[in-house]
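Taken in sequence, the protein lines are chains A and R. For the record, in the first sequence the residue sitting at position 37 is 37 according to our numbering, with numbers rising by one throughout. Take the position in the second sequence, starting the count at 1, then add 352; the result is the number in our numbering.
2 protein chains.
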Amino acid sequence: MLIADDAAPSRRTPATIRDVALAAGVTVGTASKALNGRGQLRAETRERVRAAADRLEFRPNDLVRSLQRGRTFTVGLLTNDSFGRFTMPLLGGIEDALGAAEILVFLSNLRDDPEREATVITSLLAKQVDGLIVMGRRSDPRPPLPVGRSRLPIVYANSRVTDPTALSLLPDDVQGGRLATEHLLRAGRRHLAHVTGPAHWEAVQHRRDGMAAALAAHGLTLPEERVLCGAWTEAWGYAAVGRLLERDPAVDALFCGSDLIARGALDALREQGRLVPDDVAVVGFDNWEIIAAAARPPLTTVDMNLHDLGQEAARRLLAAVAGEVAAGTIRLPCRLVVRASCGGANLAGSDA
Amino acid sequence: MLIADDAAPSRRTPATIRDVALAAGVTVGTASKALNGRGQLRAETRERVRAAADRLEFRPNDLVRSLQRGRTFTVGLLTNDSFGRFTMPLLGGIEDALGAAEILVFLSNLRDDPEREATVITSLLAKQVDGLIVMGRRSDPRPPLPVGRSRLPIVYANSRVTDPTALSLLPDDVQGGRLATEHLLRAGRRHLAHVTGPAHWEAVQHRRDGMAAALAAHGLTLPEERVLCGAWTEAWGYAAVGRLLERDPAVDALFCGSDLIARGALDALREQGRLVPDDVAVVGFDNWEIIAAAARPPLTTVDMNLHDLGQEAARRLLAAVAGEVAAGTIRLPCRLVVRASCGGANLAGSDA
Chain A
1 MLIADDAAPS RRTPATIRDV ALAAGVTVGT ASKALNGRGQ LRAETRERVR AAADRLEFRP
61 NDLVRSLQRG RTFTVGLLTN DSFGRFTMPL LGGIEDALGA AEILVFLSNL RDDPEREATV
121 ITSLLAKQVD GLIVMGRRSD PRPPLPVGRS RLPIVYANSR VTDPTALSLL PDDVQGGRLA
181 TEHLLRAGRR HLAHVTGPAH WEAVQHRRDG MAAALAAHGL TLPEERVLCG AWTEAWGYAA
241 VGRLLERDPA VDALFCGSDL IARGALDALR EQGRLVPDDV AVVGFDNWEI IAAAARPPLT
301 TVDMNLHDLG QEAARRLLAA VAGEVAAGTI RLPCRLVVRA SCGGANLAGS DA
Chain R
353 MLIADDAAPS RRTPATIRDV ALAAGVTVGT ASKALNGRGQ LRAETRERVR AAADRLEFRP
413 NDLVRSLQRG RTFTVGLLTN DSFGRFTMPL LGGIEDALGA AEILVFLSNL RDDPEREATV
473 ITSLLAKQVD GLIVMGRRSD PRPPLPVGRS RLPIVYANSR VTDPTALSLL PDDVQGGRLA
533 TEHLLRAGRR HLAHVTGPAH WEAVQHRRDG MAAALAAHGL TLPEERVLCG AWTEAWGYAA
593 VGRLLERDPA VDALFCGSDL IARGALDALR EQGRLVPDDV AVVGFDNWEI IAAAARPPLT
653 TVDMNLHDLG QEAARRLLAA VAGEVAAGTI RLPCRLVVRA SCGGANLAGS DA
């Protein structure tokens with residue numbers, strides 16, 4: 001435990017296996033066997049060693065174990081998400097999957113700075129992490145992480161990557177778009193519009209594709225003029241709805257590409273005297289709790305299951321550490337969270 | 353680097369100092385001296401060793417260094433903030449302060465679960481972290497972290513703690529409340545009200561105290577009936593403003609205890625036909641960018657400088673690791689971020 005270079009005199013030196021052996025009146029070898037549950041020892045001896053270890057607050061040193069086993073039981077998580085909106089739920093899933101294996105997570109925010117990325121990777125490699133999970137931008141696929149020849153296992157989570165031999169886990173945005181649309185159709189809506197993010201984002205294209213597919217299954221189309229692409233902001237949602245209602249007042253349902261866009265849309269609808277859900281039903285995308293639950297009315301929205309995605313990413317990483325080779329893109333299903341903006345929970349039946 | 357227990361055959365063994373020495377045609381001792389910049393070596397030899405190290409992508413193993421020096425150059429960051437609202441800016445500051453020292457941060461979300469906390473602490477201690485930074489709830493002071501007799505340096509950041517020998521860094525909420533109020537007074541407002549969070553939070557009391565002090569300096573009071581305590585939510589901000597305007601229509605300024613409360617307040621003012629800032633000026637607290645900047649109008653608000661607080665917490669932790677003993681509560685200043693909800697940037701002069 002932590003002796004500073006210019007060691008703090010007041011800090012107590014932690015107990016070693018030697019101290020435990022001395023206190024229990026056994027050899028170091030016997031103490032080690034007793035604590036590891038190995039070897040042939042009398043129950044009384046084992047008990048005495050354990051009691052001494054407890055009394056002295058002996059804690060095994062993972063560094064030694066790491067050098068011996070060639071693994072550190074640490075993983076690096078690299079993000080560019082400064083809001084924590086994606087990082088925290090992913091971290092939760094990763095911790096749940098790795099916690100049982102007693103693996104801890106180094107988190108670093110790269111802030112879209114390639115120089116910082118290089119420095120952090122050097123540090124992570126020097127610390128001998130067992131693997132990396134990389135979160136990235138969803139708009140453009142990122143280049144593979146520059147880890148040189150280290151052959152370090154890497155999983156890309158909620159992140160696209162240009163390297164076809166890499167393993168990438170993403171939410172199934174097509175399925176998410178279908179879920180949202182089917183819910184609106186089930187609510188009896190037939191005149192749907194889509195207000196969403198920048199057109200070049202793959203997620204935007206996929207959500208729209210899912211919407212179009214669900215409409216097609218009901219013999220409906222999604223005309224160009226009822227798809228409005230813009231920014232991922234409330235301001236865009238607000239402006240888009242103003243434009244949309246002017247050119248097409250018959251719209252009775254909105255599928256919004258994000259919860260923030262949906263919040264702006266709800267404001268615009270309210271100010272134009274359109275009742276939600278009676279006149280226009282609205283579905284968002286993200287299930288960003290603090291945004292969606294506080295909407296007026298509370299927002300029905302698509303949840304990307306980021307916790308589960310993090311959990312799966314960690315499981316895949318453990319498999320890669322164990323030597324399993326995997327590549328390609330895996331899409332994990334979204335789920336619909338029903339609140340009040342489409343007319344209540346009675347439509348929820350078959351959405352999960 | 354990472355040889356799995358059942359080693360993956362395809363993974364290349366990383367270069368050791370032996371490989372570098374062999375490739376450069378020198379002894380291991382010479383290679384080590386050349387890479388560490390120590391000893392008397394010919395420039396040509398040093399250069400040859402470095403070239404070999406580069407070519408072989410040799411990376412020094414921190415585990416060995418850690419065992420030798422009794423430090424791991426790792427720090428644990430413990431949080432209970434599932435939204436990342438506080439964690440991410442604090443992490444940014446911590447990374448900025450520790451990055452130069454090549455220290456990495458283990459992040460764990462304890463989720464207010466004492467059992468989980470105990471497990472994570474055991475893991476962090478086994479990994480021989482050099483110290484811990486603990487983020488906590490601001491409502492009630494938390495008990496000191498149960499690290500037994502390890503004497504591990506700990507700094508509490510944005511977190512109160514019951515142990516008077518602990519070191520805790522907090523935003524100066526009194527000063528923050530004063531900043532907000534002085535800004536409203538400078539804007540010519542004299543009939544101020546306060547809509548804020550739960551009355552038992554220390555932060556709520558401090559912000560209110562700062563407001564009262566700033567008013568007193570101008571010969572004004574803050575009557576009980578113009579202080580409304582409730583939840584940290586938009587819904588509360590909305591409801592409180594409705595109540596307030598009914599009982600006291602002369603209110604010309606609102607200081608809100610959080611940006612979310614301010615968002616609800618802005619909605620209520622708009623729907624009651626009160627213009628912001630012309631009729632009522634509004635200041636928030638948090639500078640939660642995605643909430644404050646998207647408000648209509650964009651919200652002037654108090655920023656707790658969490659990035660700087662994280663940076664200072666990390667600096668204090670490094671000092672503690674080096675043996676410096678410090679205790680007590682340190683309050684770091686907030687700053688005002690001026691947007692449009694008080695009448696524009698022309699009042700910003702002396703707020704920073």
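No residue lacks a Cβ here, since even glycine has one placed at the ideal position from N, Cα and C.
Can you have a look at residue i and say buried or exposed, based on whether 16 or more other CB atoms are within 10 angstroms of its CB?
| i | result |
| --- | --- |
| residue 349 of chain A | Its pLDDT being 45, under 50, residue 349 of chain A is placed unreliably by the model, and the measurement read from it follows with that caveat. By the 10 Å Cβ count, residue 349 of chain A comes out exposed. |
| residue 461 of chain R | buried |
| residue 546 of chain R | buried |
| residue 523 of chain R | buried |
| residue 662 of chain R | buried |
| residue 611 of chain R | buried |
| residue 535 of chain R | buried |
| residue 25 of chain A | exposed |
| residue 118 of chain A | exposed |
| residue 37 of chain A | exposed |
| residue 189 of chain A | buried |
| residue 494 of chain R | buried |
| residue 140 of chain A | exposed |
| residue 241 of chain A | buried |
| residue 115 of chain A | exposed |
| residue 39 of chain A | exposed |
| residue 413 of chain A | The structure shown does not extend to residue 413 of chain A, since chain A is modelled only from 1 to 352, so the question has no answer here. |
| residue 680 of chain R | exposed |
| residue 27 of chain A | exposed |
| residue 453 of chain R | exposed |
| residue 71 of chain A | buried |
Just tell me which of the options has its CA closest to the CA of residue i.
| i | options | result |
| --- | --- | --- |
| residue 487 of chain R | R:542, R:402, R:622, R:428 | R:428 |
| residue 354 of chain A | A:180, A:178, A:254, A:288 | Residue 354 of chain A lies beyond the stretch modelled for chain A, which goes from 1 to 352, so this question has no answer here. |
| residue 645 of chain R | R:463, R:584, R:614, R:630 | R:614 |
| residue 370 of chain R | R:508, R:390, R:541, R:411 | R:411 |
| residue 668 of chain R | R:596, R:630, R:521 | R:521 |
| residue 425 of chain R | R:381, R:480, R:435, R:475 | R:480 |
| residue 257 of chain A | A:244, A:272, A:243, A:228 | A:228 |
| residue 598 of chain R | R:577, R:493, R:442 | R:577 |
| residue 370 of chain A | A:56, A:14, A:89, A:29 | The structure shown does not extend to residue 370 of chain A, since chain A is modelled only from 1 to 352, so the question has no answer here. |
| residue 138 of chain A | A:150, A:123, A:152, A:112 | A:112 |
| residue 173 of chain A | A:14, A:321, A:214 | A:214 |
Kindly indicate which three-state DSSP category residue i falls into: helix, strand or coil?
| i | result |
| --- | --- |
| residue 523 of chain R | strand |
| residue 455 of chain R | coil |
| residue 124 of chain A | helix |
| residue 307 of chain A | helix |
| residue 116 of chain A | helix |
| residue 23 of chain A | helix |
| residue 371 of chain A | This structure gives no information on residue 371 of chain A, because the portion of chain A shown stretches from 1 to 352. |
| residue 426 of chain R | strand |
| residue 267 of chain A | helix |
| residue 638 of chain R | strand |
| residue 484 of chain R | strand |
| residue 719 of chain R | This structure cannot settle anything about residue 719 of chain R, because the visible part of chain R is limited to 353 through 704. |
| residue 494 of chain R | strand |
| residue 367 of chain R | coil |
| residue 676 of chain R | coil |
| residue 690 of chain R | coil |
| residue 187 of chain A | coil |
Whose C-beta lies closer than 6 Å to the C-beta of residue i among residues of the same chain, with five residues either side of it excluded?
| i | result |
| --- | --- |
| residue 310 of chain R | A query on residue 310 of chain R cannot be resolved here, the shown segment of chain R reaching from 353 to 704 and no further. |
| residue 339 of chain A | 298, 299, 300 |
What residues in its chain sit with their C-beta under 8 Å from that of residue i, if we drop five residues either side in the sequence?
| i | result |
| --- | --- |
| residue 147 of chain A | 121, 125, 132, 154 |
| residue 287 of chain A | 259, 301, 302, 303, 304, 337 |
| residue 671 of chain R | 678 |
What does a CB cutoff of less than 7 Å around residue i pick up in its chain, not counting 5 residues either side in sequence?
| i | result |
| --- | --- |
| residue 34 of chain A | 41, 45, 46, 49, 50 |
| residue 405 of chain R | 372, 387 |
| residue 276 of chain A | 266, 269, 282, 297, 341 |
Let me check you understand the geometry: is the CB of residue i closer than 8 Å to at least one non-hydrogen atom of the ligand NAP?
| i | result |
| --- | --- |
| residue 143 of chain A | The model on display carries no ligand, and the ligand NAP is accordingly not part of it. |
Residues bridged to residue i by DSSP?
| i | result |
| --- | --- |
| residue 431 of chain R | R:461 |
| residue 253 of chain A | A:192, A:281 |
| residue 291 of chain A | According to DSSP, residue 291 of chain A bridges with nothing at all. |
| residue 404 of chain R | Beta-bridge pairing links residue 404 of chain R to no other residue. |
| residue 300 of chain A | A:283 |
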